[in-house]
Amino acid sequence: MPKEDYYHVLGISRDASADEIKKSYRQLAMKYHPDRNPGDREAEDKFKEAAEAYEVLSDPEKRQRYDRFGHEGVRGGGMGGFGGFDFDLSDALRTFMSGFGGFGDIFGESGQKTGPQRGQDLQVRLKLTLEEVAGGVEKRIKIKRWLPCEACQGSGAANAEALKSCPDCGGAGQVRQVSRSLFGQFVNITTCPRCGGSGRVITEPCRSCTGSGRKKGESTVQVKIPAGVSTGNYLTLRGEGDAGPKGGACGDVVVLIEEIPDERFERHGDDILYNLNVGYTQAVLGDEIQIPTINGKAKLVIEPGTQSGKILRMKGKGVPHLHGSGRGDQLIRVHVWTPVNVSREVKGILKQLAGHPEIFPD
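Here you go:
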């Protein structure tokens with residue numbers, strides 16, 4: 000069953016602000032929370048749908064990907080966005096209870112994230128020629144990104160002794176909180192706000208990165224593009240994005256494919272179109288010629304009596320199918336060329352033909 004549009008789930012417009020997204024989710028979460036609707040499967044489904052939509056739309060990077068690619072853009076990812084993104088009740092409750100610092104972000108409180116955080120995802124546009132698209136290609140891409148600090152190995156601490164066990168959580172990374180809400184009293188185990196869940200605090204920051212655990216830099220990655228991609232396809236490179244603060248995991252890089260228009264061929268799906276000019280005598284008498292394809296020259300037979308505008312087809316001479324075996328076709332649109340300047344001798348021959356009824360249409 001296809002997923003419902005996330006904006007529709009939250010009842011907001013596509014240009015809704017972060018505050019509007021949060022407000023709408025808060026209202027839906029309170030309305031459909033399982034504690035308020037015990038045994039109501041429909042309410043539970045709506046609670047999960049709202050949490051899933053909020054999980055994506057409240058994250059700027061995920062929202063940008065969703066706006067561009069839809070549900071496929073926020074799934075597990077490879078070329079075209081293959082993978083899974085199954086959101087169950089435990090995920091929904093985690094989003095509601097602790098995904099934003101306990102009840103903090105949902106009910107108006109907020110806490111600063113001081114521990115390791117995942118780095119941001121990055122997007123890179125990769126331009127490919129038709130030949131590269133048809134044959135597949137490997138490319139080296141330079142990416143400007145946050146890199147782990149070499150001096151502290153991403154920890155943010157000046158040395159090993161500068162990393163101490165967090166006094167608030169005793170190194171566990173979690174604290175026990177008793178909270179009251181409209182639903183009653185909750186005992187909630189949440190991420191420690193002081194250490195951000197790492198269980199450690201920095202007593203002396205690294206001088207090289209001033210405690211952030213990362214520095215601006217550039218890296219080069221090798222990308223293998225399969226044959227048959229097209230503009231709008233994308234490839235996700237796991238862990239090649241920005242390094243996270245304080246030793247957090249690296250984000251991903253989304254490589255967005257952009258095909259460069261070709262001077263000779265037009266692409267239509269996996270078929271390509273080539274416009275061929277032929278002479279009048281070739282069209283009338285027929286001919287056998289060599290024409291260009293994306294894989295070199297190939298023989299084409301022009302049948303006698305070929306009309307201008309006729310489409311010929313060369314099977315298997317197009318772009319390989321991205322999903323599955325086989326290739327598209329090469330289409331040839333024939334244009335019967337009319338000369339502009341002819342010699343006196345040719346004019347004489349044409350005048351002799353001019354009165355012959357066979358050279359005129361019926």
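Counting from 1, position 128 in the sequence shown corresponds to residue 127 in numbering that gives the first Met the number 0; the numbering is continuous, with no gaps.
The beta-carbon is built from N, C-alpha and C at its ideal position, and this holds for glycine as well.
Residue closest to R237, alpha-carbon to alpha-carbon, out of C151, G118, G198 and R266
Within the sequence shown, the letter at position 238 stands for residue 237. Per the Cα distances, G118.
Pick helix, strand or coil for I105, following the three-state DSSP scheme.
By one-based count along the sequence shown, residue 105 stands at place 106. Residue placement at I105 is flagged as unreliable, the pLDDT there being 41, under the threshold of 50; the coordinate-derived value follows with that caveat. For I105, the secondary structure class from DSSP, reduced to helix, strand or coil, is coil.
For A15, name the three-state secondary structure that DSSP assigns.
Residue numbering aside, residue 15 sits at position 16 when the sequence shown is read from its first letter. In the structure shown, A15 sits in coil (DSSP, three-state: anything other than H, G, I, E or B).
Taking three-plus beta-carbon pairs below 8 Å as touching, is the segment 223 to 236 in contact with the segment 253 to 271?
Judged by Cβ distances under 8 Å, the segment 223 to 236 makes contact with the segment 253 to 271, as three or more pairs qualify.
C194 and A156 closer than 8 Å at C-beta:
Walking along the sequence shown from the start, residue 194 turns up at place 195. Walking along the sequence shown from the start, residue 156 turns up at place 157. No, these two residues do not count as a Cβ contact at 8 Å.
Taking C-beta to C-beta, are G250 and G240 nearer than 8 Å?
Taking the sequence shown and counting its residues from 1, the one referred to as residue 250 is at position 251. Taking the sequence shown and counting its residues from 1, the one referred to as residue 240 is at position 241. The answer is yes: Cβ separation under 8 Å.
Going along the chain, which unbroken runs of the alpha helix (DSSP H) with 4 or more residues stay wholly within the segment 13 to 77?
17 to 31, 40 to 56 and 59 to 68
Cross-strand partners of K126 (DSSP beta bridge)
Your numbering for residue 126 matches position 127 in the sequence shown. Answer by DSSP bridge pairing, in chain order: E257.
Between the C-alpha atoms of G268 and T128, what's the straight-line distance to the nearest angstrom?
Here the question's residue 268 lines up with position 269 in the sequence shown. Here the question's residue 128 lines up with position 129 in the sequence shown. For G268 and T128, the distance between alpha carbons rounds to 15 Å.
Endpoints, the alpha helix (DSSP H) within which Q351 is located:
As a working mapping, residue 351 is identified with position 352 in the sequence shown. Per DSSP, Q351 belongs to the alpha helix (DSSP H) from R343 to A353.
Residue range of the beta strand (DSSP E) that includes A297
Position 298 of the sequence shown, counted from the start, is the residue given in the question as residue 297. Start and end: G295 to I301.
Per-residue DSSP class, three states only, for Q281:
Here the question's residue 281 lines up with position 282 in the sequence shown. DSSP places Q281 in helix when its eight states are reduced to three.
Hey, how far is the Cα of G75 from the Cα of A161?
For this step, residue 75 is matched to residue 76 along the sequence shown. For this step, residue 161 is matched to residue 162 along the sequence shown. Only weak support exists for where G75 lies, its pLDDT of 48 falling under 50; the coordinates are left without a value.
Cβ-based neighbour list, S307, same chain, cut-off 8 Å, excluding 5 preceding and 5 following:
Taking the sequence shown and counting its residues from 1, the one referred to as residue 307 is at position 308. A distance below 8 Å between beta-carbons, with the five flanking residues on each side excluded, links S307 to the following residues of its chain, in chain order: A282, V333, H334 and V335.
Please state the DSSP three-state secondary structure of H7.
Here residue 7 refers to the residue found at position 8 when the sequence shown is read from its first residue. The answer is helix: DSSP assigns H7 an H, G or I state.
What three-state label does DSSP hand K2 in the structure shown?
Taking the first residue of the sequence shown as position 1, residue 2 is located at position 3. Reduced to three states, the DSSP call for K2 is coil.
Using CA atoms only, rank isn't needed, just tell me which of I358, Y5 and R213 is closest to R62.
Indexing the sequence shown from 1 puts residue 62 at position 63. For the residues I358, Y5 and R213, the minimum Cα distance to R62 belongs to Y5.
Determine, for E3, whether the minimum Cβ-Cβ distance to residues of chain B falls below 8 Å.
The structure shown has no chain B; it contains just one protein chain.
Here's the rule: buried if 16 or more other CB atoms are within 10 angstroms of the residue's CB, otherwise exposed. What is R13?
What you label residue 13 is simply residue 14 of the sequence shown in a count that begins at 1. Counting Cβ neighbours within 10 Å, R13 comes out exposed, since fewer than 16 surround it.
Within 10 angstroms of its Cβ, does S218 collect 16 or more other Cβ (buried), or is it exposed?
Here the question's residue 218 lines up with position 219 in the sequence shown. Burial call: exposed.
Mark I331 as exposed unless 16 or more other C-beta atoms lie within 10 angstroms of its C-beta, in which case mark it buried.
In the sequence shown, residue 331 corresponds to position 332, counting from 1. Label assigned to I331: buried.
Which residues bound the beta strand (DSSP E) around P291?
Along the sequence shown, one-based indexing puts residue 291 at 292. Counting along the chain, the beta strand (DSSP E) containing P291 begins and ends at D286 to T292.
How many angstroms separate the CA atom of D35 from the CA atom of G169?
The residue you call residue 35 lines up with position 36 of the sequence shown. The residue you call residue 169 lines up with position 170 of the sequence shown. The residue asked about is misnamed: residue 35 is Arg in this sequence, not Asp. Straight-line spacing of the CA atoms in R35 and G169 works out to 35 Å.
Measure the CB-CB distance between G153 and G212 and report whether it falls below 8 Å.
Counting from 1 along the sequence shown, the entry for residue 153 is found at position 154. Counting from 1 along the sequence shown, the entry for residue 212 is found at position 213. Yes, they are a contact pair.
What are the uninterrupted segments assigned as beta strand (DSSP E) that are 3 or more residues long and contained completely in the segment 177 to 228, given in chain order?
183 to 190, 199 to 201 and 213 to 224
Could you please give me the residues that DSSP links to R332 through a beta bridge?
Within the sequence shown, residue 332 is the residue found at index 333, counting from 1. Partner(s): N274 and I310.
Does the beta-carbon distance from C148 to C208 come in below 8 Å?
Locating residue 148 in the sequence shown gives position 149, counting from the first residue. Locating residue 208 in the sequence shown gives position 209, counting from the first residue. Remark: C-beta atoms of C148 and C208 approach each other more closely than 8 Å.
Measure the C-alpha to C-alpha separation of S109 and K47 and round it to an integer number of angstroms.
On the sequence shown, residue 109 is found 110 positions in, with the first residue counted as 1. On the sequence shown, residue 47 is found 48 positions in, with the first residue counted as 1. Caution applies to S109, whose pLDDT of 39 falls short of 50 and renders its modelled position unreliable; the value that the coordinates give is listed next. Each residue's CA atom was taken as its position, placing S109 and K47 some 23 Å apart.
Decide if the segment 286 to 300 is in contact with the segment 339 to 357; the criterion is three or more beta carbon pairs, one per stretch, under 8 Å apart.
The segment 286 to 300 is not in contact with the segment 339 to 357.
Count the other CB atoms within 10 Å of the CB of R266; is the residue buried (16 or more) or exposed (fewer)?
To locate residue 266, count along the sequence shown from 1; it is residue 267. Under this definition R266 is a buried residue.
For K245 versus W145, is the C-beta distance shorter than 8 Å?
Counting from one through the sequence shown, the residue named residue 245 turns up at place 246. Counting from one through the sequence shown, the residue named residue 145 turns up at place 146. Result no, Cβ atoms of K245 and W145 do not sit closer than 8 Å.
Member of I142, K143 and K126 whose CA lies at the smallest distance from the CA of V136:
In the sequence shown, counting from the first residue as 1, residue 136 sits at position 137. Of the candidates I142, K143 and K126, the one whose C-alpha sits nearest the C-alpha of V136 is K126.
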